[in-house]
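First residue of the sequence shown? That's 17 in this note's numbering, and the numbers climb one at a time after it.
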Amino acid sequence: MQELADIFEPSLLWAHSLAYIGLGALCVCICVACAIIFFRKNPYKKALKSLDTIDSKTFAFHFSALYPRALKHNSPAFEYAKELESKLVVYKFSPTPPPLSEEILAQYQKLCERA
């Protein structure tokens, strides 16, 4: 039995070293993956902040499509966006929508600052 232990002892040292290196590499990979997931930019939020306000009908449709994806539900910004969307119904379904009002533009600007 001692002879077997003498034969495999050097390889066990290498095995322990490799196991520690492997566990360390696994921990680093997990930390990097978590950092990527938690700190990446939300592309929907970026698109919501860069909407074109010249065409009111297009703005209304794009805003309505983007804000549920861009903002976290039950957040103050989400409630604010919901309120803003209710004012955009006039622009969505009008055959010739008027330009966006100053009030809506101010609310949109404030929402972009909050988000």
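Glycine included, each C-beta is placed from N, C-alpha and C at the ideal position. Bear in mind the structure is a predicted one, so any value in this text is a computation, not a measurement.
Opening and closing residue of the alpha helix (DSSP H) in which residue i lies
i: A122; result: E118 to R130
i: S110; result: No alpha helix (DSSP H) contains S110, which DSSP labels as neither H nor E.
i: S102; result: P92 to K103
i: S66; result: S66 -> no alpha helix (DSSP H), and no H or E assigned at all.
i: H78; result: S72 to A86
Expected contact under 8 Å - CB spacing of residue i and residue j to nearest Å
i: Y96; j: L127; result: 6 Å
i: D68; j: F77; result: D68 to F77, Cβ: 12 Å. No contact.
Beta-carbon gap between residue i and residue j smaller than 8 Å
i: A86; j: Y60; result: yes
i: P114; j: S80; result: no
i: Q123; j: L104; result: no
i: K65; j: A131; result: yes
Environment of residue i [buried if 16+ CB atoms lie within 10 Å]
i: Y83; result: buried
i: L121; result: exposed
i: L116; result: buried
Heavy atom of the ligand ADP within 7 Å of residue i beta-carbon
i: H78; result: Only the bare structure without any ligand can be found here, which leaves the ligand ADP out of the picture.
Chain C within 8 Å of residue i, Cβ atoms only
i: L116; result: Any reference to chain C falls outside this structure, which holds one protein chain only.
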